[in-house]
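Below is one structure, written out as structure tokens, with a few remarks after it.
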Amino acid sequence: MRKCVLPICIFLMFASCAALRINQVDLPQLARVDSLAASNDTTLIQMLQPFRDSMNIRMGIVIGQSSQPMTKALPEGLLGNYCAEACMRQVTDWCRQNQTPKPDFCILNHGGLRASLPFGDITLGNVYELMPFDNELVIIRISQDDLKALAKHTASKGGAPVVGLRMRIHEGEADSIEIISNRNSGKTTFTMLTSDYLANGGDGFPIRGTSANQTATGLKVRDVLIGDVHEHKLKNDSIRSGIDGRIR
Amino acid sequence: MEEYVELSRRRFIRVALSGGVAACLSPSLLLSSAQETRITILHTNDTHSRIDPFPSNDPKYAGMGGVARRSEMIKMTRSSSEHVLLLDSGDFFQGTPYFNLFGGAVEIAAMNSMLYDASTLGNHEFDNGVDALAKQLSLARFPIINSNYKFTGTPLESLIQPYRIFERGGIHIGVFGLGIELSGLVDPTLCAGVEYAEPIETAKRMVRFLRKEAGCQVVICLSHLGHSYKDHKISDRVLAERTTGIDLILGGHSHTFLEKPDCIKNEDGDYTLVAQAGWAGLRLGRIDFIISRKQKRFTCESLQVKKTG
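Quick note, the sequences are listed as chains A and B, same order. Using numbering that gives the first Met the number 0, the first residue of the first sequence is number 0, and each one after it goes up by one. Using numbering that gives the first Met the number 0, the first residue of the second sequence is number 0, and each one after it goes up by one.
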């Protein structure tokens, strides 16, 4: 038990009431009052029931299965890796249909992954909670300088959900970054798949999408994830993820 | 339970004119030094549309949270404590399909039902744009307080107040609100017309007003700035260090689980408490101020919103 009892300032005893400030701090050990938490306010439950029923009907649909629980983590995590890979898979299909070269890599916003995915059945609601925002996927052409700025930014954030690139972080600084598709080609410009939230400068992202460098796919991140989970189900498969040291 | 009172500006001036004496003559402050008034502050932040408990298969928070349990905990506190203030530090919107499907109406209805005394704005309140936010906030039966955004010419102008003064047990409690810089966080089209002002200067101005002119004995800041950052970005901890006269900063945005409030020495060598209750309604923070003629001290608890057994 940490206790910081500070001496009462004597002058405060004579000071005017209006100037009364905290002059004694007594932090008791955390008291957990679980018995308080035992029951529900049934009136509130009943009041919200029509909304709950409507939501459960629309969001309780099982769209597929996951072979493992997925939570987010830095520098890389199961959930982030899965989301980046799912976006890459679905956008690769979109690119094929639209005669556009597929992007070299994908980077998403760690902070934008808002809930974990459970093992087993995945409902539509699970994906809405994971990605509640209406962010859309964009493809941005970037230079080598942009890539360096991206590495610096990602290092400062401690990692990110990515696929198609590998990087090393050392004490908050980017040690190295490599685009996997570029291993034997020596390109100096790359294409990056990301969300319009990041491309508009969200979370301090260093690369801005403009009319000159950006292709909008019109695909919502959430719809892409829903599609990916469902496609696995149609193939009697479940989604999976792994950690492979892509960022460390 | 007393209703909050909003003092008119005229009354502030009267109090100010008669000097600090007026504040000292209010009944509670004629207490003998042994008499104490206990003000119980209950607080949440970043509840993020988490109306129902987390599902039983959630990897991290299975079965925890939910407004029905929180509501019961609040009711029990109100039945055992005479002077309670229930406050929220923003981001009550976005995070479950309730928000996607109903646009915030369910969250506001639940907060109305729990009799929240006030909330401030988080960045996610803007996720459906200013017009949609105004529509939802018009349904709130509690004040939305923000002191550092300007809403001039937007539909939010008449819906957000820079401060509110509550009276509990004869103690005047001034509450103001600070929001995070929206640029780089919220799509510019969704917060069009909302201007951000620097929080520290705003806080100093609000404290001066609430203490000196309005005669508040307790000043609370509802903050959505975030608990702390690695760099020098303004946060609750920085705010506490660089101001004076704020008793308590109830924070949000960073989803920080604090087992007990940080106790930070402020510019005058007094103490400002910085509290935050995680997110998703997993916790209900509780801080009690015990105020007597001689001193103001507090105790705190962080209550887990979970089922037993």
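Built from N, CA and C at the ideal position, the CB exists for glycine as well. Being a predicted model, the structure only gives us computed values, none of them experimental.
Would you be able to state if there are at least three C-beta pairs under 8 Å between the region 172–188 of chain B and the region 131–141 of chain B? The region 131–141 of chain B and the region 172–188 of chain B do not touch, with fewer than 3 CB-CB distances between them shorter than 8 Å.
So is E71(B) in contact with chain A if we call contact Cβ pairs under 8 Å? Counting from 1 along the second sequence, the entry for residue 71(B) is found at position 72. Judged by the 8 Å Cβ criterion, E71(B) is in contact with chain A.
Under 7 Å between beta-carbons, which chain B residues line up against L43(A)? List them in chain order, please. For the purposes of this step, residue 43(A) is identified with residue 44 of the first sequence, where counting begins at 1. Those are V66, A67, S70, A109, S112, listed as they occur along chain B.
Please confirm whether T95(B) has its beta-carbon closer than 8 Å to some beta-carbon of chain A. As a first step, residue 95(B) is located in the second sequence; it is residue number 96 there, counting from the start. Cβ-Cβ to chain A under 8 Å: yes for T95(B).
So, does the CB of R57(A) fall closer than 8 Å to a CB anywhere in chain B? As a position in the first sequence, residue 57(A) is number 58, starting the count at 1. Judged by the 8 Å Cβ criterion, R57(A) is in contact with chain B.
Just verifying my parser: in three-state terms, what is the DSSP assignment at I159(B)? Position 160 of the second sequence, counted from the start, is the residue given in the question as residue 159(B). In the structure shown, the three-state DSSP call for I159(B) is strand.
Close-in-space but distant-in-sequence residues of the same chain around Y228(B) (CB under 6 Å, 5 per side omitted): In the second sequence, counting from the first residue as 1, residue 228(B) sits at position 229. Excluding residues within five positions, the ones whose Cβ falls inside 6 Å are S234.
Within 10 angstroms of the Cβ of F256(B), are there 16 or more other Cβ atoms? Answer buried if so, exposed if not. To locate residue 256(B), count along the second sequence from 1; it is residue 257. Burial call: exposed.
In its own chain, which residues sit with a C-beta less than 7 Å from the C-beta of D51(B), not counting the 5 before and 5 after it? Within the second sequence, residue 51(B) is the residue found at index 52, counting from 1. Here the set comprises G65.
When the Cα atoms are used, what is the spatial distance from A213(B) to V223(A)? Translated into positions along the second sequence, residue 213(B) becomes position 214. Translated into positions along the first sequence, residue 223(A) becomes position 224. Whole-angstrom Cα-Cα distance: 54 Å.
Counting contacts by CB-CB distance shorter than 8 Å, is F101(B) in contact with chain A? As a working mapping, residue 101(B) is identified with position 102 in the second sequence. By this cut-off, F101(B) is an interface position.
Buried or exposed: which applies to A154(A), given that a residue is buried once 16 or more other Cβ atoms fall within 10 Å of its Cβ? As a first step, residue 154(A) is located in the first sequence; it is residue number 155 there, counting from the start. Burial call: buried.
I want to see whether chain A comes within less than 8 Å of F175(B), judged by CB atoms only; does it? What you label residue 175(B) is simply residue 176 of the second sequence in a count that begins at 1. No, because no Cβ of chain A sits closer than 8 Å to the Cβ of F175(B).
What in chain B is Cβ-close to Y81(A), meaning under 8 Å? Reading the first sequence from its first residue, position 82 is the one you call residue 81(A). Going along chain B, no residue has its Cβ under 8 Å from Y81(A), so there is no contact; the nearest lies around 13 Å.
Can you list the residues of chain B that G201(A) reaches, using a CB-CB cut of under 7 Å? Locating residue 201(A) in the first sequence gives position 202, where the first residue counts as 1. Per Cβ cutoff of 7 Å: G183, L184.
Thinking G201(A) and L189(B) are a contact (beta carbons under 8 Å), I'd like their distance in whole angstroms, please. On the first sequence, position 202 is the one that residue 201(A) refers to. On the second sequence, position 190 is the one that residue 189(B) refers to. The pair is not a contact, with the Cβ atoms about 11 Å apart (cut-off 8 Å).
Test: T216(A) CB closer than 8 Å to a CB of chain B: In the first sequence, the residue the question calls residue 216(A) occupies position 217. Against chain B, the CB of T216(A) has no partner CB under 8 Å away; the residue lies outside that interface.
Separation of I144(B) from A21(B), as counted between CA atoms: Start at 1 with the first residue of the second sequence, and residue 21(B) comes out as number 22. Start at 1 with the first residue of the second sequence, and residue 144(B) comes out as number 145. Low confidence applies here, because A21(B) scores a pLDDT of 29, under 50, leaving its location unreliable and the question unanswered by this model.
Taking the runs of the beta strand (DSSP E) that are 3 residues or longer, which of them lie wholly in the region 150–223 of chain A? 164–169, 172–178, 188–194, 213–219
I'd like to know whether the C-beta of N212(A) is nearer than 8 Å to at least one C-beta of chain B. One-based indexing of the first sequence puts residue 212(A) at position 213. Output row for N212(A): interface = no.
Within the same chain, show all residues whose beta-carbon is closer than 6 Å to that of G124(A), passing over the 5 residues directly before and after it, in chain order. One-based indexing of the first sequence puts residue 124(A) at position 125. Taken in chain order, the residues that qualify are M58.
Would a check of beta-carbon distances place V273(B) closer than 8 Å to chain C? Of the protein chains in this structure, namely A and B, none is chain C.
Counting only C-beta atoms, is L35(A) closer than 8 Å to chain B at any point? Reading the first sequence from its first residue, position 36 is the one you call residue 35(A). At L35(A), the pLDDT of 43 sits below 50, so the modelled position is not reliable and the matter cannot be decided from this model.
Less than 8 Å between the beta carbons of M191(A) and P102(A), yes or no? Counting from 1 along the first sequence, the entry for residue 191(A) is found at position 192. Counting from 1 along the first sequence, the entry for residue 102(A) is found at position 103. It is a contact, given that the beta carbons lie within the stated cut-off.
Quick one: Cα of T70(A) to Cα of I263(B), how far? Position 71 of the first sequence, counting from 1, holds the residue named residue 70(A). Position 264 of the second sequence, counting from 1, holds the residue named residue 263(B). Taking the straight line from one Cα to the other gives about 34 Å.
Identify every residue that forms a DSSP beta bridge with R113(A). Translated into the one-based positions of the first sequence, residue 113(A) becomes position 114. Answer by DSSP bridge pairing: none, since R113(A) is not bridged.
Relative to the C-alpha of D227(A), which candidate in L73(A), N39(A), D40(A), A83(A) has its C-alpha closest? Position 228 of the first sequence, counting from 1, holds the residue named residue 227(A). Closest option to D227(A), Cα to Cα, is A83(A).
Are three or more beta carbon pairs between the region 157–173 of chain B and the region 81–93 of chain B nearer than 8 Å? yes
Should R113(A) be labelled buried (16 or more other beta-carbon atoms within 10 Å of its own) or exposed? Start at 1 with the first residue of the first sequence, and residue 113(A) comes out as number 114. With 16 or more Cβ atoms within 10 Å of its Cβ, R113(A) is classed as buried.
If we count the other Cβ atoms within 10 Å of its Cβ and call it buried at 16 or more, is A191(B) buried or exposed? The count along the second sequence starts at 1 and reaches residue 191(B) at position 192. Label assigned to A191(B): exposed.
In whole angstroms, what separates the C-alpha of H226(B) from that of D87(B)? For the purposes of this step, residue 226(B) is identified with residue 227 of the second sequence, where counting begins at 1. For the purposes of this step, residue 87(B) is identified with residue 88 of the second sequence, where counting begins at 1. Roughly 15 Å separates the two Cα atoms.
Could you name the residues of the same chain whose beta carbon sits closer than 8 Å to that of T95(B), not counting the 5 residues immediately before and after it, in chain order? The residue you call residue 95(B) lines up with position 96 of the second sequence. Excluding five sequence positions before and after T95(B), the CB atoms of its chain that fall closer than 8 Å to its own CB belong to H47, S48, R49, I50, D51, given in chain order.
Short Cβ contact (8 Å threshold) for V217(B) with G244(B): Position 218 of the second sequence, counted from the first residue, corresponds to residue 217(B). Position 245 of the second sequence, counted from the first residue, corresponds to residue 244(B). Not closer than 8 Å, so no.
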